[in-house]
Structures are given as structure tokens and as C-alpha cells.
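Q:
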Amino acid sequence: MKKWLKYVALVLALLLASPVLFLLSLYGVYSHVVSKKPGALPVPVFAGPLGASVDPFIGTGGVYYMCANNNPAACVPFGLVRLAPDTASLLLNAEALNYSGYYYGDNKIIGFSHTRVVGAGVREGGNFRIFPTLDATATGAGEKPFVRFSHAEEAAFPGYYAVKLGKTDILAELTATAHTGIHRYTFPEGSVPFLRFDVTSALGNGRCEDGVFQLLPESREMEGSVRYFGSFSGRYDGLDLFFVARFSHPFKQYSTWVGETVRQGGNGAAGNAIGAHIGFDPAVSGEPLELRLAVSPVSIANARLNLDTETGGKSFEALFANARDAWERRFQTIQVTGGTDRQRRIFYTALYRAFQMPSLFTDANREYRGFDKQVHTADGFKYYTDFSLWDTFRTVHPLFNLVARSEQRDMMVSLVEMSKAGGGCLPRWPSGCGYTNSMFGTPADMTITEAWLKGIQDFDIETAYAAMRRTAQEGVPAGCRFGGRDGLAEYLRLNYCPSDKMKKSVASTFEYAWADHSLSLLAAALGKTEDARVFAHRATSYRNLWNPDNRFFHPRNSAGVFADEIDPYKLTYTDFDGKYTSAYCEGSAMQWRWAAPFDPEGLIATIGGDGVFVSELEAYLEKNRKRLGNWHPGAYYWHGNEPYFHAAFLFNDAGRPDLTQKWVRRLQESKYNDDYVGLDGNDDCGTLSAWYVLSALGLYPVAGTSRYWISSPLFERAVVRMDAGITLTVIAENNPSENPYIQRLLLNDVPLDRFWLDHGEIAQGGILRFEMGPTPAKTTQ
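Using the numbering used here, read the sequence shown as starting at 13 and increasing by one per residue.
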């Protein structure tokens, strides 16, 4: 009996230990994978002088929603095509954390696809996946072939990616144009090359419908289309994508599949799960197999036009050189000297990320598909899509107002065209050719207002303003499927969003107040005096949620009664307690306490005046989680999310600019790194990256206005090329990377006694000079 009990106990112990052993095994594999560093793989091309400071692997790993979700895609600035490996995870052939297709902790590649978003917590893309293989056996859609890889055999820099594919010894190289992905595969000499082309591929749980393709052996081409439903495009009617693929070598053999049915020699297929398996003549030494695949949202004819226009007559090396040069021109808009190698690497990688999105949606003939699903011609502008506005209005678009003004103008035109084609309201997260309704508020209001106030005015501001005003005063027009302000009627009646009528009531009140503040500035600039007065009053609405008893912005019902209780330290991400968190979004009550950068004087007065405000804000920052990319961000300051990462700049308005200088430098050093984690949370289409770029210049925007806060610059010199012939030079004397405190500040040799600038003061360029020191200046303490 005792012996029998021993066996039972042993079995139970093993059962209990199995999950632990599995997790330890998983962690062991993960640790081995991420310990390998890219860069050892010899490649035949090289980065540009500034691009050499970019590491595309920064921010491609991390934990859960703390992962920046970046990828090392080969792409050009704002390109629609972002060609990169799609990876699968560790012990399981699963796509667990590859939100952008690629995850640094994975050790398998399942193919190379052409589309993806950058830094977002959604899976959108993964279209037209190519898998190079030595396997002649064609399999159906149920199979997901993979090959193991090591980071030690990877390389990437702007416009280029390469990897050696495990035991197959195939070298994969990728580059891109705006609409075309260029693949070059070097197979072992004497082997028979095959390419598996999954026409209906998609990331994660995405899917394709109505797929169709045709093989054209005589011209060594393949053409087709899909209707794609991803995390975003699945929220509207799907995104139609058309492609033309051109191969460098004749087809030797080919098969097609529909679902699990494989057909030898079939020259096309139609269905929701289709693809082709194409073989070529045996590889000859030094003669790689090339594939060029162009996409279009309009038609196969346009995809072919994109392919011919962008790649015709050009070698792989020439196409990469074009991509490299396009990136160099972007990097030259801000040239920095001084600092450490690490700081320059983080800076230029951040600048690189900021220029990856939005996406150019205009074909070579200027056609694009609009929100009405009709084909339009972009007359006098380029049409863009994929705007993560709730995130990017805070840093990315303000950066464009400085150094990408022509593109920013086209983006403003694009937003106005979306409102025209989409029913009369501006989108908050447009993707492809539709509204996604992601996030909340009306961030286009701040984006458009700031561009206009900073002198980007060559677009239809009256139509834009009419759309913004209508959404703020009357609600979403009947023909607009998504967008607008939830709970608008109650907000207008009560001057706050009531918690018994809507979710996110506190967060929404802050967002609406910010938008109203921007509208008041734009209305004033346009001479609409009464509108300016009304919106300026509404911009104070957030103050109505201040509860003096608990000293938080507190959910309040439509009768004016505050909720019985709140726990300001409950976090929407991890606590999942609707009782305490439903009034907020992506944060705690403690984090939303500082969410009025547009009204710092009012916020400071509400909380208790300069002294109280400074003391409580510094305590809030001190209690942040120190580890970069911590799996639990905590209820205090978290640099990985947008609503509160302006907090350190608020000290400027409370009479303590030295604390802004101290904390901005501390955040630069602790919340950014040059490894695979890199950032403190989702980069959200370059938003966290642009924070670093702007703060490193010593200028941080009050989004939706024409104002910048001043903080301590990171580099000895930064030359900012704003427009043709207009240059702002930021000079920081006395080793600014070691001495973060501003002793004296001059603009064009005129001393400044304030820690803010209006854009108009630097619109024509000039010299902004900082004299730095190791301790705070007496006048700033």
C-alpha cells in the first residue's frame, strides 16, 4: 500500500511540475534565441553614413504589450510595402507575439510577406507570403512550413534585410520600393530552388476571401488579388489588394492549391485559401533567384504599372541604393553631433521609426481607393492612409511639422479627402480604405489644427473645420460609419462625460477637452470669434471631474454625483476591474491625473498650486517601474503609453524647469535602449520614437497648439532642416550629454527667460543656443 501511494505521489508531483518544467524549458529556449546578436552575416551591400547608426532590431522584442512591436522590414519612408520575415515561436509553431509579423524571441521563419503596420498592438498585414525552400513537395493551405534561423545570421539596415535560412543554407535578401518588394534568394549550388507562394496569407487570425491568381509562365509572372480582413481592415468591408509578381528565372514546374487540394501543373486558382508552389532550374553558383512583387489597392493593371515604374531596368543593388538614399535624405533632416554612440544609435533608429508610417496609398498613376471604395485620382497631392492618430498626434505629426512639411501637407489633404468620401467626419485611426474606430476622441482635430497653426496651410481648412465643428457640436453625420465623440449630447449638457452613460468617461472628458482647446485656437486663427469662445470654455470641462475629497479626476454620473469609491492604482491593462477602471483607458486614475497638457495653468491650479503640484508630480515620476519594458507597468508613470508621457514637461509651467530637465534626461536614459527591447511599450507607429527625437532636440510640442516646451538637448549640435533653405541649429555648449541643466538660453543671440517657444519664433530658422551645467541654475529652482 505504501509503495502504491509513493507511485501516486510521484505521478501527481510530475503532473504538478510539468507546467513549471515547460515554462522553464520555454524560457531556456527564449533566452538562447535572444542572446544571439545580428551583424555577423556577411552581406554584399552597406548602409549609408547616417543609416549606419540605425539598428532595425531595436524594439522588436520584449514582453506582452510592453513589446514595441517594431520589425526589421525592408522598406522606404512611408512605403506601402514593408517586406519582412514572419516568424513563429519557440517550442510551438505559433504566432504568439509577432504583431508586426516579426518577434525577436522567435526562432522560426514561416515566410516573407509584404505588408504590416509598425509598432501597433494589432495584426494587420502579412499579405502575399513567400517561402523559399528545397522541398519539391507541394502542400495545401493547412500546412505552414517553417525554417529555423539564428539572429547571428541576420543583418538589417534601412532599406535592407538578410538572413541565412537554417539548415537549407539559403540566403534571403530583401529590399523595397514604395509599392514593390524585391526578393533575392541565393540557393546552394546544384540545388533545385522552389518558392511557395501563399496568396491568401495573413498575420494572426486575419483571413482573405475571394482570392484569385493566374500563373503566366511565358512572361515569368503571376498576378492576382485578395480581399483581406485583418485586425483593422476586418472592421470595415475588407481591403482589396492586387499584385503582380515577376520572377527572374523561367518556371520549371509548378503546382497550385485550393484549401487542402493540390493540383499539379494548374495555372491558377480561386478561393479563400490558395497558393502556388513553383520550381526553377537548379541553382548556378553566384546566380540568385529574384522575385519582384508589386501591390496596388486599385487593380492588377496598377500593380503592374507600379512594378514597371519603380523597378524597371534596375538591378537589386540599384534598387537597394535608391532605398538607402531615400532614408539618408530623411536622416539628413536632423543631423546631430556629439553624444555617445549609443545615444546616436537610439536617436537615428527613432527617427527611422518615425518616418515609416503613414503609408503611401497612391499608385504610380496617382490613383487610390478612397473610403467610399471608389477609385480617385490624387490631383496635386499624394494620398496617405494608416494614421494612428490617437497616438501620433502627440509626437509624430509635430515632428513632421518640423522636418516633413510637404508630406504633412499631403497627409492633411488625405484626412480631408477621407472625411469627404467617408460621410463627413474625420477619422481617428484610418487604415487602408476604411474607418477602424480604434481608440476614442477626435485626434484629427489636434493634428490638423497644429499643422495649420505651424504654417502648413495649403489645404482645404474650411472643409476640415466644418467637419471638426460638426462632430464637436452636432455629432457624427448619418453617412459616417465610425468616428466622432461618444456621449456627445451628455458632454454638451453637463460639460463632462457622465460615468452612468458611457465607458471611458474620465478619459473621454480629457480627450474632448483637448480637442476643444485645439478647435478654439483654430477658430480664432480663422476669425470665428464666437466659436473660439465656446470651445475655449469647453476646454476646461475636465476640471468638473476633480474630486477634492480624494484629489483625483473621478467618474461622475449624470446627476453630478461622484462614484462611491475608486482605486486610483488599478490599471486597465492588468487589473480588469470594471468597477474602478471603466472610466479610464489604458491607464489608472493616477496616470490620467496629469492628462491636460493643453491647460497646464488650469491643471496646476486644480491640483493645488505650484508647490503641491510639483511635489506630487515628482513623487508620481519617482515611483515609475525602473525596468525597461517591465511586464507590469504599474499605476504610476509609465513611459510606454501616450496619455501621460508629457508629464515631465509640466514642471516648466509650475516654475521648476530644472525638474523638467532632470526628468526628461532620466527618461531618455532609462526608457530607451539600443537592444531588442529598446522601448517601454508599443511604439505605436513611431510615437514613442518621435518622443525621443523631439526631446533630444530640447523641444517638445504641446500637441494641438503652436507651442513647444523647452528641455535639455542631448547633443552638442543638431541641424534641423525644416524646409528648403530654412535651418534651425540647436547648439548645446559644455557637454550636454553629461550636463543636463540649462544655465542660459538664447534664440538668435537674444536671451530667453522662459522655457517655451512658439513655432512662429523658429519658423524661419535661426540658432537656439543652450549653455549647460551639471547642477540646476539658481533661477530655475
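Ideal Cβ positions, reconstructed from N, Cα and C, are used throughout, including at glycine.
May I ask you to verify whether the segment 363-380 touches the segment 430-438, counting CB pairs closer than 8 Å and requiring at least 3?
A: In short, these stretches do not touch, since the Cβ pair count stays below three.
Q: For A52, does the count of other Cβ atoms within 10 angstroms reach 16, so buried, or fall short, so exposed?
A: Locating residue 52 in the sequence shown gives position 40, counting from the first residue. With fewer than 16 other Cβ atoms within 10 Å, it is exposed.
Q: Quick one: is K394 buried, meaning 16 or more other Cβ sit within 10 Å of its Cβ, or exposed?
A: For the purposes of this step, residue 394 is taken as the residue at position 382 of the sequence shown. Answer is buried; the Cβ neighbour count reaches 16.
Q: Just to confirm the assignment, what range does the alpha helix (DSSP H) spanning K674 have?
A: Within the sequence shown, numbered from 1, the residue matching residue 674 stands at position 662. Its alpha helix (DSSP H) spans residues P669 to S682.
Q: Residue range of the alpha helix (DSSP H) that F547 falls in?
A: The count along the sequence shown starts at 1 and reaches residue 547 at position 535. Where F547 is concerned, the enclosing alpha helix (DSSP H) stretches over T541 to R550.
Q: Could you please give the first and the last residue of the uninterrupted beta strand (DSSP E) stretch that includes S65?
A: Against the sequence shown, residue 65 aligns to sequence position 53. Here S65 belongs to no beta strand (DSSP E), and DSSP marks it neither H nor E.
Q: Just checking, does the segment 718-732 make contact with the segment 619-631 on the three C-beta pairs under 8 Å criterion?
A: No: the two stretches stay apart, fewer than three of their Cβ pairs being nearer than 8 Å.
Q: Relative to the alpha-carbon of K120, which residue among E107, V130 and T72 has its alpha-carbon at the smallest distance?
A: As a first step, residue 120 must be located in the sequence shown, where it is residue number 108. If we check each option's Cα against that of K120, E107 comes out closest.
Q: Determine contact between the segment 456-476 and the segment 409-417, defined as no fewer than three beta-carbon pairs at a distance below 8 Å.
A: Verdict: yes, contact present.
Q: Look at the Cβ atom of S530, then the Cβ atom of T618, and state whether they are nearer than 9 Å.
A: Taking the first residue of the sequence shown as position 1, residue 530 is located at position 518. Taking the first residue of the sequence shown as position 1, residue 618 is located at position 606. Not closer than 9 Å, so no.
Q: Going by CA-CA distance only, name the one from H771, M451 and M423 that's closest to Y720.
A: Within the sequence shown, residue 720 is the residue found at index 708, counting from 1. The shortest Cα separation from Y720 among H771, M451 and M423 belongs to H771.
Q: Quick check: the Cα distance between I578 and L640, rounded to an integer number of angstroms?
A: As a position in the sequence shown, residue 578 is number 566, starting the count at 1. As a position in the sequence shown, residue 640 is number 628, starting the count at 1. Their backbone Cα atoms lie some 28 Å apart in a straight line.
Q: Determine the burial state of L35: buried for a count of at least 16 other Cβ atoms within 10 Å of its Cβ, exposed for fewer.
A: Taking the sequence shown and counting its residues from 1, one reaches residue 35 at position 23. Confidence is the limiting factor: at L35 the pLDDT is only 48, short of 50, which leaves the residue's position unreliable, though a coordinate-based value still follows. Classification for L35: exposed.
Q: For the alpha helix (DSSP H) that M78 lies in, which residues bound it at each end?
A: Working through the sequence shown from its first residue, we reach residue 78 at position 66. Counting along the chain, M78 falls outside any alpha helix (DSSP H), and DSSP gives it neither H nor E.
Q: What residue range does the alpha helix (DSSP H) around S517 cover?
A: Here the question's residue 517 lines up with position 505 in the sequence shown. S517 to A537 is the extent of the alpha helix (DSSP H) around S517.
Q: Excluding five sequence neighbours on each side, which residues of the same chain lie with their C-beta closer than 7 Å to the C-beta of T584?
A: Within the sequence shown, numbered from 1, the residue matching residue 584 stands at position 572. Contacts found: T593, Y596, C597, E598 and G599.
Q: Residue range of the alpha helix (DSSP H) that A338 falls in?
A: Start at 1 with the first residue of the sequence shown, and residue 338 comes out as number 326. First-last of the alpha helix (DSSP H) with A338: F328 to F343.
Q: What span of residues does the beta strand (DSSP E) with D252 cover, start to end?
A: Taking the first residue of the sequence shown as 1, we reach residue 252 at position 240. Taken as a continuous stretch (DSSP letters only), the beta strand (DSSP E) holding D252 covers L251 to F259.
Q: Which ranges does the alpha helix (DSSP H) cover as unbroken runs of at least 4 residues, wholly within the segment 288-324, from first to last along the chain?
A: Within the segment 288-324, the complete alpha helix (DSSP H) runs of at least 4 residues are 312-323.
Q: Report the residue from F405, E235 and S112 whose alpha carbon sits nearest the alpha carbon of T454.
A: Residue numbering aside, residue 454 sits at position 442 when the sequence shown is read from its first letter. Answer by Cα proximity: F405.
Q: Candidates P752, S682, R196 and A86: which alpha carbon is nearest P669's?
A: Translated into positions along the sequence shown, residue 669 becomes position 657. Minimum Cα distance to P669 is reached at P752.
Q: Please go through the segment 757-781 and give each complete alpha helix (DSSP H) segment of 4 or more residues, from N-terminal end onward.
A: List check, alpha helix (DSSP H) in window: 771-774.
Q: Just how far apart, CA to CA, sit V645 and R637?
A: By one-based count along the sequence shown, residue 645 stands at place 633. By one-based count along the sequence shown, residue 637 stands at place 625. According to the sequence as given, residue 645 is Pro; it is not Val. One C-alpha to the other measures close to 6 Å.
Q: The beta strand (DSSP E) with P84 in it runs from where to where?
A: Position 72 of the sequence shown, counted from the start, is the residue given in the question as residue 84. Counting along the chain, P84 falls outside any beta strand (DSSP E), and DSSP gives it neither H nor E.
Q: Per DSSP, what are the beta-bridge partners of N559 in this structure?
A: As a first step, residue 559 must be located in the sequence shown, where it is residue number 547. BP columns for N559 point to F564.
Q: Report the rounded CA-to-CA distance for A288 versus V518, giving the unit in angstroms.
A: On the sequence shown, position 276 is the one that residue 288 refers to. On the sequence shown, position 506 is the one that residue 518 refers to. Rounded to the nearest angstrom, the two C-alpha atoms are 52 Å apart.
Q: Under the DSSP definition of a beta bridge, which residues are partnered with Q276?
A: For the purposes of this step, residue 276 is taken as the residue at position 264 of the sequence shown. Beta-bridge pairing links Q276 to S267.
Q: Sort out for me which residues DSSP pairs K120 with in a bridge.
A: Your numbering for residue 120 matches position 108 in the sequence shown. K120 pairs with A100 and R160.
Q: Using DSSP bridges, identify the partner residues of T187.
A: The count along the sequence shown starts at 1 and reaches residue 187 at position 175. Paired residue(s): I194.
Q: From the DSSP output, in three-state form, read off M784 for me.
A: For the purposes of this step, residue 784 is identified with residue 772 of the sequence shown, where counting begins at 1. DSSP places M784 in strand when its eight states are reduced to three.
Q: Might you give, ordered along the chain, the residues of its own chain that have their beta carbon closer than 6 Å to the beta carbon of R160, omitting 5 neighbours on each side?
A: The count along the sequence shown starts at 1 and reaches residue 160 at position 148. If we look at R160 and ignore the five residues flanking it on each side, its Cβ neighbours are N119, K120 and G178.
Q: Please report how far the alpha carbon of I312 lies from the alpha carbon of R781, in whole angstroms.
A: If you number the sequence shown from 1, residue 312 lands on position 300. If you number the sequence shown from 1, residue 781 lands on position 769. Looking at the two C-alpha atoms, the distance is approximately 54 Å.
Q: Roughly how many angstroms lie between the CA atoms of G280 and T273, to the nearest whole one?
A: The count along the sequence shown starts at 1 and reaches residue 280 at position 268. The count along the sequence shown starts at 1 and reaches residue 273 at position 261. Cα to Cα, G280 sits roughly 13 Å from T273.
Q: Once the 5 residues before and after A362 are set aside, which same chain residues still bring their CB inside 6 Å of it?
A: Residue mapping note: residue 362 aligns to position 350 of the sequence shown, counting from 1. Only S701, Y704 and V705 meet the Cβ criterion.
Q: Could you check what DSSP says for F574 in three-state terms: helix, strand or coil?
A: Start at 1 with the first residue of the sequence shown, and residue 574 comes out as number 562. In the structure shown, F574 sits in a strand (DSSP, three-state: E or B).
Q: Of the choices C79, I122, L95 and G138, whose alpha-carbon is the least far from that of L109?
A: Along the sequence shown, read from residue 1 onward, the residue named residue 109 stands at position 97. The candidate whose alpha carbon is nearest that of L109 is C79.
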